[in-house]
Amino acid sequence: MNEQAATKTTDGYRGPGLAVLQRHGVGVWSDVEVQTTGGRFRGIILPRSETADDKHIVLKLSSGYNIGVAAETVKSMTEHGRRAANYKIPEQEFPIDAGKPNIVLFGTGGTIASRLDYRSGAVIPAFSPGELYGSVPELADVCNLRTEKLFGVFSENMGPEQYIALANRIGQAIEEGVDGIVIGHGTDTMHHTAAVLTFMVQDPPIPIVMVGSQRSSDRPSSDAALNLICAVKTAAESDIAEVVVCMFGPTSDEYCLIHRGTRVRKMHSSYRSTFRTIGDIPLAMIDPQTITLFRDDYKRRRRDRNVHINPAYCDEVTMLYYYPGMKPDVMEAMIEKGYRGIVIAGTGLGHVNKLTYRALRLAQEKGVHVYMTVQTLWGFAGMYVYETGREMMALGVVPLANMLPEVAFVKLSWVLGQSDDRDEVKRMMLTSIGDEITEREPYNGYLIYQGAVPEVQEFLKKIKR
Amino acid sequence: MEVLPLKPFEEMTPADYAHIGLKCGLEVHQQLLTRSKLFCRCPAGHYSSSYDAEVLRHMRPTLSEMGEYDGTALMEKKTRKNITYRLHHATVCTYEFDDTPPFFIDDQAIDIALELALLLRLNLVNELHIARKQYLDGSIPTGFQRTTILGVDGWLPFKDRTIRVRQLGLEEDSCREVSDHGHERTYLTDRLGMPLIEVVTEPEMFTPQETAEVCNLIRKVCRSTQKVRRGYGATRQDVNVSVQGGTRVEIKGVPQIWRIPRLIYNEASRQVALLGIMKELNRRNVTPDTITTASKDVTELLMKASYAPVRSAIDRKLKVRCVKLCGFAGLLNTPTQEHTIFAKEFSDRVRVIACLSELPNIVHSDSASESLWPQDWQKLRKRMQAHEDDALILVWGDDRDVQTACEEIVIRATEAASGVPSDTRQPLKDGTNGFERVLPGAERMYPDTDLPPIEIPAERINKARAVMPEFVWETEATFRQGAMVEDDIQRLCISPRVPLIQRAMNELGLSGKLLGVLLAQRMRALARAERRPERFSDEALFVILRAHSQERLAKEGIAWLMELILVQSTKDEITDADVDAVFDELDIQRLTDQELQCKVACAIEAVDPTQFPTVTKLRRFLMGELMKDLIGRVDGRRMLDCLTKTMRTDEPNLAEQRTGT
Chain A
64 MNEQAATKTT DGYRGPGLAV LQRHGVGVWS DVEVQTTGGR FRGIILPRSE
114 TADDKHIVLK LSSGYNIGVA AETVKSMTEH GRRAANYKIP EQEFPIDAGK
164 PNIVLFGTGG TIASRLDYRS GAVIPAFSPG ELYGSVPELA DVCNLRTEKL
214 FGVFSENMGP EQYIALANRI GQAIEEGVDG IVIGHGTDTM HHTAAVLTFM
264 VQDPPIPIVM VGSQRSSDRP SSDAALNLIC AVKTAAESDI AEVVVCMFGP
314 TSDEYCLIHR GTRVRKMHSS YRSTFRTIGD IPLAMIDPQT ITLFRDDYKR
364 RRRDRNVHIN PAYCDEVTML YYYPGMKPDV MEAMIEKGYR GIVIAGTGLG
414 HVNKLTYRAL RLAQEKGVHV YMTVQTLWGF AGMYVYETGR EMMALGVVPL
464 ANMLPEVAFV KLSWVLGQSD DRDEVKRMML TSIGDEITER EPYNGYLIYQ
514 GAVPEVQEFL KKIKR
Chain B
2 MEVLPLKPFE EMTPADYAHI GLKCGLEVHQ QLLTRSKLFC RCPAGHYSSS
52 YDAEVLRHMR PTLSEMGEYD GTALMEKKTR KNITYRLHHA TVCTYEFDDT
102 PPFFIDDQAI DIALELALLL RLNLVNELHI ARKQYLDGSI PTGFQRTTIL
152 GVDGWLPFKD RTIRVRQLGL EEDSCREVSD HGHERTYLTD RLGMPLIEVV
202 TEPEMFTPQE TAEVCNLIRK VCRSTQKVRR GYGATRQDVN VSVQGGTRVE
252 IKGVPQIWRI PRLIYNEASR QVALLGIMKE LNRRNVTPDT ITTASKDVTE
302 LLMKASYAPV RSAIDRKLKV RCVKLCGFAG LLNTPTQEHT IFAKEFSDRV
352 RVIACLSELP NIVHSDSASE SLWPQDWQKL RKRMQAHEDD ALILVWGDDR
402 DVQTACEEIV IRATEAASGV PSDTRQPLKD GTNGFERVLP GAERMYPDTD
452 LPPIEIPAER INKARAVMPE FVWETEATFR QGAMVEDDIQ RLCISPRVPL
502 IQRAMNELGL SGKLLGVLLA QRMRALARAE RRPERFSDEA LFVILRAHSQ
552 ERLAKEGIAW LMELILVQST KDEITDADVD AVFDELDIQR LTDQELQCKV
602 ACAIEAVDPT QFPTVTKLRR FLMGELMKDL IGRVDGRRML DCLTKTMRTD
652 EPNLAEQRTG T
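Residue numbers (this note's numbering), protein chains in the order written: chain A, 64 to 528; chain B, 2 to 662.
Have a look at this one:
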């Protein structure tokens with residue numbers, strides 16, 4: 064960062080902004096006095112964001128504020144020295160304690176612990192154990208931490224290539240003998256990755272915990288530290304040997320929830336408590352002191368190093384979110400483009416209109432695998448209830464019980480990576496590996512309370528959510 | 002007890018303040034009168050102490066853009082506060098408690114702020130950059146305040162000089178604190194996010210009084226726009242104080258201007274006292290490099306102590322620790338502010354940072370007799386291996402808090418050896434101040450990554466310039482020239498009636514004095530009588546004033562007519578047309594001399610003069626009757642002249658009639 068700044072002294076400036084800097088022989092980090100038609104300004108020239116316009120120069124005033132001065136108003140610029148930023152998270156050596164579990168943290172590019180890039184305004188992950196220890200020293204109370212950056216992508220850019228690399232690397236790490244794995248991941252598609260890892264990494268002997276943050280850790284009220292502490296504690300101390308997601312429970316800074324990788328979903332674009340277990344209850348809650356288990360039907364931690372890594376993937380699978388009035392050509396186009404599998408998110412119990420039957424027939428003819436999930440997210444696909452459902456099943460559509468649409472998508476991708484046989488694919492799709500289909504929906508698996516109802520308001524007043 | 006290093010407050014002269022090198026600066030915060038909050042669409046200006054839900058958060062310090070941790074941030078981290086926010090459905094959305102990113106900045110707020118930046122003659126910024134200013138005390142749930150600078154380097158005229166204005170910022174207001182006990186702090190979020198400006202002056206005020214005056218001037222500039230909020234808490238100021246050899250100390254959130262002078266006096270006194278303590282410590286060879294301290298757990302030793310706070314701590318199984326400050330003996334009772342001693346500096350730190358908020362939270366060996374028995378102090382001295390020159394401070398509470406407390410005592414003692422620490426201090430009701438936090442620096446500023454920069458084009462500035470009011474000091478000068486009395490000037494120079502008054506002075510030639518009486522005093526009386534005089538449009542009032550200048554309406558008649566119209570009208574806005582209608586209805590015209598004389602003559606005829614013992618009484622009665630009839634249409638002086646003249650002509654007649662009885 065720093066070295067970059069030292070060599071590229073006009074970082075980010077283009078057009079009129081760049082011309083003004085060059086004309087006056089100053090650059091980024093110059094401490095300048097600027098005379099403009101609108102008066103005098105004094106400050107340090109900061110790099111310019113590449114997405115901002117090319118008409119302004121950014122100055123950091125001595126008060127710490129940044130301001131933009133229009134290049135066209137500049138009459139003169141006098142340099143009074145240079146002051147490059149020393150941008151560094153205090154790095155302290157992560158203490159090693161032979162009595163503590165060894166945890167590896169894989170980075171995929173999420174912003175779990177991060178610092179700010181003043182240039183682009185983006186957030187750069189703080190990632191080395193030393194940096195993490197500097198920011199979240201509590202981690203050392205729990206484990207010996209090793210970190211490994213696998214990729215540097217935002218979560219929307221995660222895909223088959225990363226899934227397979229991640230699964231393979233997890234397999235190696237288990238063989239190497241780590242006591243738990245934490246995966247830092249962007250939150251947007253964390254539930255896709257959690258699901259695919261459940262299928263690709265089967266029967267691990269240790270916890271594999273995915274974690275992220277909704278507020279980057281350059282913010283004092285970030286959820287990153289608590290998420291990270293809880294995730295590392297889950298990996299180090301819990302006996303849940305499954306792929307799980309560990310994220311804020313309530314929006315209050317109190318505890319995290321541990322969700323099974325196939326039943327979890329991001330449910331709010333910005334809330335801290337965005338991850339919810341859908342159609343079931345979470346595995347556990349955890350705070351920096353205690354893990355409280357909610358159920359005991361999970362796979363236990365083992366001493367052996369056996370794990371079944373199956374990184375199969377077919378990228379010819381797509382999803383179709385049904386809407387009223389949908390014409391069959393949408394699905395036909397998918398089939399004609401060569402997609403081998405289609406997951407439909409249907410209305411209600413899993414329905415599409417009669418118009419679509421034509422496309423379903425085409426799918427059947429071409430041997431395309433069509434599976435039905437529900438837009439309602441909660442509840443089972445129930446295709447025997449109405450005639451529509453029965454007709455669709457006759458056209459080869461297979462209902463996926465209460466499998467979440469995104470989970471069905473990654474599972475079908477994984478299954479079609481292994482077989483194209485209709486019955487085998489169906490058998491695999493309907494055989495639950497990690498509760499992607501559950502037998503029972505508990506009474507407290509569906510809780511979306513409505514504000515303003517007196518009993519809910521009473522709860523909200525008493526309980527810090 | 003020793004005395005303060007300064008003369009009593011009332012006796013201090015400007016020369017005395019010059020002698021100690023007093024310098025003061027101001028940061029005036031003023032809420033803007035907008036419909037919405039600054040970064041979300043919640044209504045601005047709605048307050049409610051009740052709440053529907055609560056959210057709990059903690060704050061952690063983060064690095065600044067320049068790669069440094071801020072001292073304040075580190076201090077707040079030590080306090081380990083549980084911060085609870087109270088949420089009310091009507092006043093907050095998910096933005097305020099940081100579960101939704103900011104919406105675009107409120108345009109109305111920018112326009113008002115621009116107007117104020119122009120009035121303060123600042124160099125305007127062409128592109129606004131939203132910054133995050135860290136506040137780890139929890140007063141803002143994000144842990145930072147979104148803030149931006151609109152202009153720098155402006156000035157205000159003050160007496161025979163100018164006061165430079167460093168900058169004007171636009172920022173979101175913080176939470177209102179409900180309580181702060183131990184590790185639990187609670188805030189109301191209704192005020193959170195309201196737009197306010199911050200005007201920062203250079204430290205160019207040299208007496209407490211002067212500082213209050215400049216503060217008042219800035220407030221007047223703000224109010225002259227008619228676009229700022231008023232009422233308790235809508236304007237708050239931070240006062241920066243330093244003396245020669247001292248340090249800039251910020252007294253934060255002074256709610257009323259009249260409190261400023263005494264607060265400054267006490268801070269000046271505190272800094273002079275602290276400098277004296279430093280000198281004495283240095284003389285005793287105690288410097289920041291050589292200072293020697295020690296701290297020990299003395300719970301066991303004090304098992305039998307009878308001093309109630311320590312006794313109760315031990316009974317509650319808490320810890321007692323003792324800190325030895327070598328070379329500090331005899332200094333802890335040094336007065337720093339009015340009825341405040343040096344020891345309070347330690348007690349404050351222990352309260353704020355170690356969260357030991359139950360007072361007293363320390364006792365010390367300089368006031369030994371007020372606490373433990375002498376034999377207990379002896380035991381402590383022995384245990385701490387303390388010499389005569391050493392001071393001991395005792396602190397009690399939860400183990401971890403007490404350790405923090407001991408560390409803070411040592412930090413404060415070390416600071417004492419180098420003078421005045423940079424603090425943010427809390428104004429107290431008695432005019433003294435207490436520690437609030439370490440003064441934050443530029444290190445706490447970060448760019449906000451959630452919002453792009455906002456260009457301020459020239460057209461937008463021109464628009465603000467077009468609507469901005471006249472400079473308030475120019476208005477004052479005009480009013481003063483028009484012989485308006487000073488009280489009325491101060492009321493009216495920031496009133497929305499300024500353009501009306503100037504028009505009445507220029508176009509109608511009315512005196513400032515009369516306009517002051519009418520528009521400050523009469524209007525206030527009418528408001529008090531709940532007549533809602535603000536319903537008059539400027540045009541409506543202008544019609545009334547013009548009638549007076551044309552002698553259609555007498556001076557006495559103006560207020561009479563205003564009240565009459567207000568009583569009769571139920572409308573929310575009274576226009577010039579409404580007033581014209583009243584003039585027509587009452588047929589208010591200038592009475593000619595002839596008409597007047599005729600009226601007077603009729604009135605005289607209608608009375609029986611024999612009923613009145615003296616002519617004076619008769620005249621008074623007649624005057625009353627005539628004014629009742631002609632109020633508003635004839636000036637009292639003109640009427641009296643006419644009446645007197647007519648009565649004199651008739652006098653023989655009148656006298657005869659009376660003697661006839």
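Yeah, the Cβ is synthetic: ideal placement off N, Cα and C, and Gly gets one too.
Where does residue i fall in DSSP's three states?
i	result
A464 of chain A	coil
M485 of chain B	coil
A45 of chain B	coil
W441 of chain A	coil
H549 of chain B	helix
R133 of chain B	strand
R182 of chain A	For R182 of chain A, the pLDDT reaches just 46, beneath the cut-off of 50, and the residue's location in the model is therefore unreliable, although a value from the coordinates is still provided. R182 of chain A falls in the coil class under three-state DSSP.
T85 of chain B	strand
E66 of chain A	Per-residue confidence for E66 of chain A stands at a pLDDT of 36, beneath the threshold of 50, marking its modelled position as unreliable; no derived number is given.
S225 of chain B	helix
H365 of chain B	strand
H254 of chain A	helix
R231 of chain B	coil
I495 of chain B	coil
S37 of chain B	strand
G106 of chain A	strand
F436 of chain B	strand
How far does the beta strand (DSSP E) with residue i in it reach, from first residue to last?
i	result
I246 of chain A	243-247
F214 of chain A	Taken as a continuous stretch (DSSP letters only), F214 of chain A belongs to no beta strand (DSSP E), as it is neither H nor E.
T149 of chain B	145-159
W397 of chain B	392-398
M446 of chain B	446-448
E173 of chain B	162-173
I398 of chain A	Run containing I398 of chain A: none in the beta strand (DSSP E); it sits in the alpha helix (DSSP H), 391-399.
Taking Cβ positions, are residue i and residue j nearer each other than 8 Å?
i	j	result
G510 of chain B	R634 of chain B	no
I341 of chain A	R326 of chain A	yes
I107 of chain A	L122 of chain A	yes
G170 of chain B	C41 of chain B	no
S225 of chain B	P470 of chain B	yes
A269 of chain B	V287 of chain B	no
H254 of chain A	K329 of chain A	yes
E564 of chain B	R532 of chain B	yes
R87 of chain B	E55 of chain B	yes
What does residue i pair with, by DSSP beta-bridge criteria?
i	result
F537 of chain B	B:I575
M382 of chain A	A:V406
N241 of chain B	B:G26, B:E251
For the alpha helix (DSSP H) that residue i lies in, which residues bound it at each end?
i	result
H119 of chain A	Where H119 of chain A is concerned, there is no enclosing alpha helix (DSSP H), although the beta strand (DSSP E) it sits in stretches over 119-123.
H87 of chain A	No alpha helix (DSSP H) contains H87 of chain A, which DSSP labels as neither H nor E.
R263 of chain B	261-284
Just checking, does the region 224-233 of chain A make contact with the region 314-325 of chain A on the three C-beta pairs under 8 Å criterion?
Too few Cβ pairs lie closer than 8 Å, so no.
Using 8 Å as the Cβ pair cut-off and three pairs as the minimum, do the region 477-484 of chain B and the region 151-170 of chain A touch?
no
Would you be able to state if there are at least three C-beta pairs under 8 Å between the region 292-303 of chain A and the region 269-276 of chain A?
Yes, the region 269-276 of chain A touches the region 292-303 of chain A.
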